[in-house]
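Here is the structure we will look at, set down as structure tokens.
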Amino acid sequence: AQTVTQSQPEMSVQEAETVTLSCTYDTSESNYYLFWYKQPPSRQMILVIRQEAYKQQNATENRFSVNFQKAAKSFSLKISDSQLGDTAMYFCAFMNLNRDDKIIFGKGTRLHILP
Amino acid sequence: EPEVTQTPSHQVTQMGQEVILRCVPISNHLYFYWYRQILGQKVEFLVSFYNNEISEKSEIFDDQFSVERPDGSNFTLKIRSTKLEDSAMYFCASSIPGQGAGNTIYFGEGSWLTVV
Chain Y
407 AQTVTQSQPE MSVQEAETVT LSCTYDTSES NYYLFWYKQP PSRQMILVIR
457 QEAYKQQNAT ENRFSVNFQK AAKSFSLKIS DSQLGDTAMY FCAFMNLNRD
507 DKIIFGKGTR LHILP
Chain Z
3 EPEVTQTPSH QVTQMGQEVI LRCVPISNHL YFYWYRQILG QKVEFLVSFY
53 NNEISEKSEI FDDQFSVERP DGSNFTLKIR STKLEDSAMY FCASSIPGQG
103 AGNTIYFGEG SWLTVV
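Each protein sequence line maps, in turn, to chains Y and Z.
Positions 407 to 521 (my numbering) are the ones given, in order, by the first sequence.
Positions 3 to 118 (my numbering) are the ones given, in order, by the second sequence.
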């Protein structure tokens with residue numbers, strides 16, 4: 407069974423700083439996707455970024471980028487120039503592509519951006 | 003941008019009552035899901051639905067739960083006899099496989115269910 411582990415329950419950084427959220431996962435599959443979802447206080451689930459496992463290049467979306475280390479099964483999220491609106495719960499998630507599978511979420515990291 | 007919509011956004015119900023949560027997935031999507039998030043906990047998979055039938059369900063999804071796609075656009079989750087522990091945010095989601103932006107699950111804004 408696949409598992410997703412986020413070892414940082416909570417983090418705080420000053421506005422404009424860079425922050426990295428950690429995520430590790432465990433799977434025997436070779437074909438999968440990884441995601442970071444953001445959940446602000448409104449509790450909506452917003453897709454931040456996704457990474458296809460077959461791609462070596464790390465995904466980037468504006469201020470958000472990932473460090474995908476497939477051999478180490480690590481998938482960290484870096485937020486550059488953090489903004490107050492980045493305050494949210496961040497969930498790392500895994501999806502097996504070999505079947506119409508569900509997403510498996512980590513427990514989340516609560517990120518506070520301080521003014 | 004197309005989005006998954008859910009109704010109601012918040013519902014309060016008495017224990018033992020039936021609840022139906024409604025969802026309109028993104029129109030060209032083929033896979034539909036319900037997830038649950040109890041306050042302060044992680045998001046948990048309930049059920050996936052494809053080709054008009056359940057493709058997978060979790061151990062949470064017992065006989066009290068059912069899903070239906072009654073009319074080709076709506077996707078509903080029914081809880082037959084609610085319990086206090088059913089209080090949670092319920093997320094509907096949908097996806098379409100195989101395309102460039104595919105294999106990504108898009109979530110609705112959630113339906114917050116409070117059982118009293």
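Think of the CB as a built atom: it goes at the ideal place given N, C-alpha and C, for glycine as much as any other residue.
Boundaries of the beta strand (DSSP E) harbouring R456/Y: I452 to E458, taken from the DSSP string. Within chain Z, the residues whose beta carbon sits less than 8 Å from that of F497/Y are K44 and V45, listed in sequence order.
If you draw a straight line from the Cα of S75/Z to the Cα of S29/Z, it is about 7 Å long. Residues of the segment 446-463 of chain Y that bring their beta carbon within less than 9 Å of a beta carbon in chain Z comprise S448, R449, Q450, M451, I452, L453, R456 and E458, in sequence order. By the Cβ criterion, the segment 47-62 of chain Z is not in contact with the segment 7-16 of chain Z, since fewer than three pairs of Cβ atoms, one from each stretch, lie closer than 8 Å.
Here the alpha carbon of Q414/Y sits roughly 43 Å from the alpha carbon of D73/Z. The continuous beta strand (DSSP E) containing Q39/Z extends over residues Y33 to Q39.
Q445/Y and Q489/Y have their C-alpha atoms roughly 15 Å apart. Straight through space, the alpha carbons of P521/Y and I98/Z are spaced by roughly 40 Å.
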